[in-house]
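In full-length UniProt numbering, the protein residues as written are 1 to 658. A short write-up of the structure that comes next.
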């Protein structure tokens, strides 16, 4: 059960504005990659502490060595990745508890004790994890926007937080039944869609932690340097761009979110721009600590309409804050696997070759993308595959941070933008294979504005080699491989008219080359028997079971989509799409001849207790997939606030050939 003394609302915490009162651990610890031989922990500290993580099993300390990699980000911010290497391998089912301590830093003992207490469940003395190399269940989801709210219930400001729902599951379950992984498949932050109060809080964090300013070589370099202080440009960040033809193209891409009336009403006029803004954003969405230092009263310089928007967003943001202590706790107990999608960087990131050309040819948009990637590495990518990033890479990162706005910074950003090895594998059973669908794209050669394939031929060939001779696999694709055909068709219609940016036109079937290559991958004779594809992105949840027609031994493929942690699709619009999709793409419909996934038997799963014809579930929360010994799903469910659980039930009578 959850700890009764646990405070859900941090607004009552005593706040101070002096760095001397900063907690020693600002964010984390977050449990990252765990193997029999090692465990990796991420944490952000307010000083240059010598960190020691002590692991115990059955009350006895585990003999181990540790490597601490550290990046100084600001006067009062050090980001650390600690890898604990065990002298003897862990045994399946081991409960490993751990504690954070600082060598030669005795005055911080009380603060660390308070941290450990806040992270503990009722029966714990310190946080910990269950070593589970064989995955019997997994939590997954995406899309966590702090200022999202319940559109169908405008008087109910809070839609919850999938991370808090995951924490509730752990608090009310025996440790032996805990999921083995927590997969976050994209949009862990919304760099392009930031509430006014959150951006105001970000600038207070920058001052509090002494995060660096940066300049840029452009027509108006001073504007960029003033973003943190003199000219934050709340709700009008597009005005930083000069009035040139190229700048207008960038403005349309980066700040035209309001031009998507079909799928979203979000705007991008508070887009994060600087590296320090990205850093502060992560700290504010992953931990409650810094909110105690934040004043959300109205900033100067807002007009009447902006003030109304700010006050409304403040309510939603304060609701989000109440979940952060639970979000922090669950990430301290489950191995967290992460992958970016577009909003971690910017909306429609690398949508098409034309998008890339205009974005990377302009110094400001290129800097925005590069800074977001720096933040992604520091807060997400580093812990996915720690051995991949050597000391030389970390040295270059340190140099870039020390010299923001100078050649060392731009050189490192160029390296990150070219980097295409963000994908990774965790050798669990089934193996966790996480795809990067953003930086290795199959670009259209005939039409630069046509959406690119999500992965190019080389990337798909590498994936096939990775999958061969595996019995089962958990395949993480941020965008669903098998989506809702009507929505995909709507995206295609907009693309035909040359307007792919009016909707989120990205899906696996939008590019014939990548679509056919992926379908052929499923038909390979040595492909895994069981594919469980975990996806997010779309802001609704659904599940399909797919088999390949004509194969003597077809693999079993499950497309399981959970979205979002804290974001939802417009409810009425989704209901219409759901019903129209079932009618327009019924088994007898000639529209099925137009699909690129012909030759597949598809059986939908239906959310329980839904009306006839409804297959899509709209509700913020977190997905839970329970697996049998062969890596096939035993149960698929969406967990929502209030301990609400909606199972997806297979509907064989609706199985159809596509």
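Here a beta-carbon is modelled for each residue, glycine too, at the ideal position from N, C-alpha and C.
Query                                                                                                                            : Result
Own chain, CB closer than 8 angstroms to residue 76, minus 5 neighbours either side, in chain order                              : 19, 22, 46, 47, 208, 209, 210
C-alpha gap between residue 284 and residue 191, whole angstroms                                                                 : 13 angstroms
Reference residue 80, options 87, 371, 71, 174, closest by Cα                                                                    : 71
Backbone CA spacing between residue 509 and residue 201 [nearest angstrom]                                                       : 40 angstroms
Helix, strand or coil at residue 516 [DSSP, three-state]                                                                         : helix
Contact under 8 angstroms by Cβ, residue 638 with residue 613                                                                    : no
Identity of the residue in 576, 143, 456, 346 nearest residue 564 by Cα                                                          : 143
Residue 286 beta carbon less than 8 angstroms from that of residue 328                                                           : yes
Pairwise C-alpha distance: residue 40 and residue 34                                                                             : 6 angstroms
Start-end ranges of the alpha helix (DSSP H) lying completely within the segment 109-150, minimum 4 residues                     : 109-119
Residue range of the alpha helix (DSSP H) that includes residue 313                                                              : 304-321
Option nearest residue 387 by Cα separation, candidates 85, 29, 30                                                               : 85
Identity of the residue in 126, 418, 205 nearest residue 350 by Cα                                                               : 418
Pairwise C-alpha distance: residue 36 and residue 133                                                                            : 8 angstroms
Check whether residue 127 and residue 97 have beta carbons under 8 angstroms apart                                               : yes
Residue environment, residue 580, which counts as buried when at least 16 other CB atoms sit within 10 Å                         : exposed
Residue 109, buried or exposed, once every other Cβ within 10 Å from all chains shown has been counted against 16                : exposed
Beta-carbon gap between residue 373 and residue 345 smaller than 8 angstroms                                                     : yes
Contact set for residue 138: own chain, Cβ-Cβ below 8 angstroms, skip 5 residues either direction                                : 179, 180, 181, 182, 183, 474, 534, 624, 625, 627
Per DSSP, cross-strand counterpart(s) of residue 645                                                                             : 639
Euclidean distance between Cα positions of residue 543 and residue 561                                                           : 6 angstroms
Touch test, the segment 449-459 against the segment 394-412, Cβ-Cβ under 8 angstroms, three pairs minimum                        : no
Whole alpha helix (DSSP H) elements within the segment 395-460, 4-residue minimum                                                : 407-418
The alpha helix (DSSP H) enclosing residue 331, as first and last residue numbers                                                : 324-331
First through last residue of the alpha helix (DSSP H) which encompasses residue 281                                             : 275-286
Beta-carbon proximity check, residue 617 vs residue 540, cutoff 8 angstroms                                                      : yes
Alpha carbon of residue 615 to alpha carbon of residue 174, nearest angstrom                                                     : 32 angstroms
In DSSP terms, what residue 623 is bridged to                                                                                    : 140, 638
Three-way DSSP call (helix, strand, coil) for residue 688 in this model                                                          : In this structure the chain extends from 1 to 658, so residue 688 is not present and cannot be described.
Every unbroken beta strand (DSSP E) inside the segment 14-68 [3 residues or more]                                                : 25-34, 38-45, 51-57
Per-residue burial, residue 494 [other beta carbons within 10 Å of its own, 16 or more giving buried]                            : Interpretation of residue 494 is limited by its pLDDT of 48, a score under 50 that renders its predicted location unreliable; the figure taken from the coordinates is listed afterwards. Its Cβ being crowded by 16 or more others within 10 Å, residue 494 is buried.
Nonlocal neighbours in the same chain, by C-beta distance under 7 angstroms from residue 336, ignoring five residues either side : 30, 31, 32, 182, 184
6 angstroms Cβ shell around residue 443 - same chain, five flanking residues per side excluded                                   : 353, 452
Cβ-based burial, residue 166 [other Cβ within 10 Å; buried from 16]                                                              : buried
Run of the beta strand (DSSP E) containing residue 545, from where it starts to where it stops                                   : 542-548
For residue 645 and residue 227, the rounded distance between their alpha carbons                                                : 44 angstroms
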